[in-house]
Amino acid sequence: MKRIVLFAILLTTSLGYTQTLLTYEKSPVFEECDSVAVEQLKSCFNFTLNTFIYENFKVPQIVSDESYVGDVKVLFEVNKDGEFKAIYTDAIYDELKEESKRVFDSLPKIQPATYNGNPTFVQYSISISIPLVEPVENTVLPTDEVNLTAKDSLNATLSSEFDDVNKAIQDYEKLEYNSELNIPFTHSYYARFDDEMNAIGTNSHTAAKPFLYSDVARYYDIKAEKESLSKDTDSWLGRKVFNEHLVEIQGKDYWFTVDPILDLQVGKDSEADFNSTWNNTRGVNIQAGLGKRFNLTASVYESQGRFADYFNQYGESLKAFGPDPAIISGRGIAKRFKENSYDYPIAEAYMSYTPADFLNIQFGHGKNFIGDGYRSLLQSDVASPYPFLKLNATFWKIKYTSTWMWLKDVRDEVVVDKAFLTKYMANHYLSWNVSKKLNIGLFESVMWADANGRGFDVNYLNPIIFFRAIEFQTGQGAGNAILGLSSKYKWNNKVNVYGQFILDEFSLSDVKGGEKSWKNKFGFQLGVKYFNAFEVDNLLLQAEFNRVRPYTYSHNTQILNYGHFNQPMAHLWGANFRELVVIGRYNYKRWFGDAKFIIGQRGFDYNTDEDSFSYGGDIYRNYNDRNADTGVTIGQGNKTNSFMTEIQAGYLLNPETNLKLFTNIIYRDFNPDAVTASTMDSNTVWFSIGVRTDLFNWYNDI
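The letter at position 572 of the sequence shown is residue 572 when you use our numbering, and the numbering goes up by one with no holes.
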């Protein structure tokens, strides 16, 4: 409480000091002092006040019982209306403080002090001796004596307390790098320590992302990395631009940082009618730690932009109910800005608490990812942020992650009273390091909706129980459960092989029959990473193949699809596709370069009056709208072959904030068999240059 009033006390101290520089014509005047000479008013005020206190102050029983000898210090004011007000009291017993306040509240209204004939307020401090001492009449106490000037003593005490707070402020030691905060998840930055996390013999768990700084600190020294990149500059501006957080404060049991967020870029799309592409994001990022086990962070973005034509068209195809024209992929609902641009504000934040070394609890608004690859067939970060509650338990060779999410279906047909439909998803993911080389992960997820007032079903709150069993208990139409398997094998310290298998529905008899039934809704991923490839330090090469059959992630109850904000919660392409991804990443000191090549085949719906069937790529469609029960193959429908390459190079301006200068070029060739209103032929070159605070993944490979 003392700290709360500290600022007020300092202000009043300065006001009191100002008072000593001024000459008041008259001090406050009690009725008993009306007839005394002006030069005696101060002495009379002193005596009358002390007499009133002596006659009205009732020493609390506990003080008498313990034979306490000491004092009570009171900072008080006589305002310009002549009323007394106790501003602050300090005593060893709360009872003495309360009694002091009571006495000052009972003082009569008097004539206020005046300056140049105008009423004004004055502030004093007084020390009330315990036991009480009867005042002596006509004793004039000088201003440096106790009765009216214990203010100096009180202010010295408070000033000392403030100094103690100042002494607690230390040089910033970059405590976030061993904290319980998440390392912002971007594929490019995580590649910097991927090889250390995946060395043979480490007991790390690398699928559930984002990672905690404290988890990575056991294998990779991020703090040392940041310091090694520090530039030699003595100016404040130079340090803030190239080496430090804008604001960084550390105390005895707390720390916090504040940084601006920028994503300012301009570019050109070869296919677009408009002159240029651009993005203008401004925001603020706050990180904080209280004690050793509680952390929080918040990022607020205000953005306007116009992107390549294919990206804009995809955003408008995601349009939510209402007047807003688009959803920016991975971000959120966008309003129209000017004639052909978008305004898309977004906010992300979470709290992280580690009550025990084996358990971390997070609650916030953001994204999560499960997998060792570039894509995830289990849970990805391609959709817009959402509220979530996550528990990570780590013990022995096990990491167990439970996540509960509050999602939205924003389509016109499911909106009720102009409100988006809320649906829920719960995941369990168990990661087990079977040996020094082999990791196996078991995944289960269930989606259910806020239908018929069901709300958040407590049956799914249990972090251990199997969701498929609950789905049978609550009714098979009450939820959509999905099962998954992941694995990783460390061939050696340079080569990792990883994979995923997702199972939505499966019919063994149909598989044996060879009829390619629509019921066989599953997908798989197979990938390999090559660290420090060809003996080149910090060169990562990665190849990944993804294949998902039609109708996977969809449901006959449309709201139970595996999606959020009209975007998939797993692979960006939904279902009914095969894809090969090849990635190279390299960094040298502050310089970096990435190259990505994607070859894919997808099957889209025609969405015409003549053919309105679902061919299994759009997870938001009811799978009962399918075109056939058998003969279902990947690429069915409007078969589309695509090729995309993205090359980015740049310079890391500030390692602490991950602020980058970059240039980026994308070539995208998109060739559907049939050109429709929703599937357009496209051959695009998109060039961009800019500066960005790199805190999340942009997926341009739509």
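Note that CB positions come from ideal geometry on N, CA and C, so glycine has one too.
From what residue to what residue does the alpha helix (DSSP H) around residue i run?
{"i": "ALA224", "result": "222–228"}
{"i": "ARG704", "result": "The requested residue 704 is not part of the displayed model; the chain covers only 1 to 702."}
{"i": "LYS338", "result": "Here LYS338 belongs to no alpha helix (DSSP H), and DSSP marks it neither H nor E."}
{"i": "PHE52", "result": "41–56"}
{"i": "ASN312", "result": "309–317"}
{"i": "PHE30", "result": "No alpha helix (DSSP H) contains PHE30, which DSSP labels as neither H nor E."}
{"i": "GLU196", "result": "194–197"}
{"i": "GLY238", "result": "236–242"}
{"i": "TYR213", "result": "213–216"}
What are the boundary residues of the beta strand (DSSP E) that includes residue i?
{"i": "HIS187", "result": "Segment 187–190 is the alpha helix (DSSP H) holding HIS187; no beta strand (DSSP E) there."}
{"i": "SER341", "result": "341–343"}
{"i": "THR422", "result": "421–433"}
{"i": "ASN285", "result": "277–290"}
{"i": "MET351", "result": "346–356"}
{"i": "ILE702", "result": "Note, ILE702: premise wrong, no beta strand (DSSP E); not H, not E."}
{"i": "ASP65", "result": "Not the beta strand (DSSP E): ASP65 falls in the alpha helix (DSSP H), residues 61–65."}
{"i": "TRP686", "result": "682–693"}
{"i": "LEU438", "result": "438–449"}
{"i": "LYS639", "result": "638–654"}
{"i": "LYS85", "result": "84–90"}
{"i": "PHE577", "result": "577–588"}
{"i": "SER299", "result": "294–306"}
{"i": "SER125", "result": "122–130"}
{"i": "ALA593", "result": "According to the sequence shown, residue 593 is Gly rather than Ala. Unbroken beta strand (DSSP E) run through GLY593: 591–604."}
{"i": "ASN627", "result": "Premise fails: ASN627 is in no beta strand (DSSP E) and is neither H nor E."}
{"i": "TYR115", "result": "113–115"}
{"i": "ILE559", "result": "Taken as a continuous stretch (DSSP letters only), ILE559 belongs to no beta strand (DSSP E), as it is neither H nor E."}
{"i": "ASP81", "result": "Run containing ASP81: none; DSSP gives neither H nor E here."}
{"i": "ILE361", "result": "359–366"}
Under the assumption that residue i contacts residue j (Cβ atoms under 8 angstroms), give the Cβ distance between them as a whole number of angstroms.
{"i": "ASP605", "j": "PHE592", "result": "In fact, because the Cβ distance is near 39 angstroms, the residues do not count as touching under 8 angstroms."}
{"i": "SER376", "j": "ALA570", "result": "6 angstroms"}
{"i": "THR277", "j": "SER688", "result": "7 angstroms"}
{"i": "ILE702", "j": "PHE311", "result": "7 angstroms"}
{"i": "ALA191", "j": "ARG585", "result": "5 angstroms"}
{"i": "ASP263", "j": "THR693", "result": "7 angstroms"}
{"i": "TRP686", "j": "ASP269", "result": "5 angstroms"}
{"i": "PRO568", "j": "ALA383", "result": "7 angstroms"}
Measure the alpha-carbon distance for residue i versus residue j and round it to whole angstroms.
{"i": "LYS42", "j": "GLU32", "result": "12 angstroms"}
{"i": "ARG621", "j": "ASP611", "result": "14 angstroms"}
{"i": "GLU196", "j": "ALA543", "result": "19 angstroms"}
{"i": "TYR24", "j": "THR48", "result": "Residue confidence is low: TYR24 scores 46 on pLDDT, short of 50, so the model does not pin down where it sits. No coordinate-derived value is stated."}
{"i": "GLU95", "j": "ASN360", "result": "43 angstroms"}
{"i": "GLY258", "j": "LEU246", "result": "First, the amino acid is wrong: residue 258 is Val here, not Gly. Approximately 6 angstroms, taken between the alpha carbons."}
{"i": "LYS231", "j": "GLY479", "result": "55 angstroms"}
{"i": "TYR588", "j": "VAL691", "result": "19 angstroms"}
{"i": "PRO550", "j": "GLY523", "result": "9 angstroms"}
{"i": "GLU413", "j": "LYS252", "result": "55 angstroms"}
{"i": "LYS151", "j": "SER100", "result": "For LYS151, the pLDDT reaches just 41, beneath the cut-off of 50, and the residue's location in the model is therefore unreliable, although a value from the coordinates is still provided. The alpha-carbon atoms of LYS151 and SER100 are separated by roughly 16 angstroms."}
{"i": "LEU72", "j": "TYR124", "result": "The question names Leu, yet the displayed sequence has Val at residue 72. One C-alpha to the other measures close to 14 angstroms."}
{"i": "VAL705", "j": "ALA481", "result": "Residue 705 cannot be examined here, being either before or after the span of the chain that is shown, 1 to 702."}
{"i": "GLY617", "j": "ALA419", "result": "27 angstroms"}
{"i": "VAL74", "j": "PRO60", "result": "17 angstroms"}
{"i": "THR139", "j": "VAL36", "result": "Interpretation of THR139 is limited by its pLDDT of 48, a score under 50 that renders its predicted location unreliable; no figure is taken from the coordinates."}
{"i": "PHE30", "j": "GLU77", "result": "14 angstroms"}
{"i": "ASN566", "j": "LYS319", "result": "8 angstroms"}
{"i": "GLU444", "j": "PHE670", "result": "34 angstroms"}
{"i": "THR645", "j": "LEU580", "result": "12 angstroms"}
{"i": "LEU290", "j": "ARG102", "result": "37 angstroms"}
{"i": "ASN50", "j": "GLU66", "result": "24 angstroms"}
{"i": "GLY371", "j": "TYR254", "result": "33 angstroms"}
{"i": "LYS521", "j": "GLY635", "result": "14 angstroms"}
{"i": "LEU560", "j": "ASN607", "result": "22 angstroms"}
Are the C-beta atoms of residue i and some chain B residue less than 7 angstroms apart?
{"i": "LEU653", "result": "The structure shown contains no chain B; it is built from a single protein chain."}
Next item on the list: Please determine if the region 639–657 and the region 594–614 are in contact, where contact requires at least 3 C-beta pairs separated by less than 8 angstroms.
Entry: yes
Margin query: Under 8 angstroms: do the region 535–555 and the region 345–357 share three or more Cβ pairs, one atom per stretch?
Written below: no
Check: Is it a yes or a no for the region 213–229 touching the region 176–191, going by three-plus beta-carbon pairs under 8 angstroms?
Finding: yes
Notebook entry, point to check: What residue ranges within the region 491–547 form continuous alpha helix (DSSP H) runs of no fewer than 4 residues, ordered along the chain?
Noted result: 508–513
Item checked: the region 278–297 in contact with the region 676–685 per 3-pair CB rule at 8 angstroms -> no
Check: Should the region 486–505 be called in touch with the region 190–208, which here means at least 3 C-beta pairs below 8 angstroms?
Finding: yes
Note to self: My parser needs the beta strand (DSSP E) runs of 3 or more residues fully inside the region 378–420; what are they?
What the structure shows: 386–395 and 398–409
Note to self: For the region 627–634 against the region 647–666, do three or more pairs of beta-carbon atoms, one drawn from each stretch, fall closer than 8 angstroms, so that the two count as touching?
What the structure shows: no
Next item on the list: Report yes or no: do three or more beta-carbon pairs, one from the region 398–408 and one from the region 550–561, lie closer than 8 angstroms?
Entry: no
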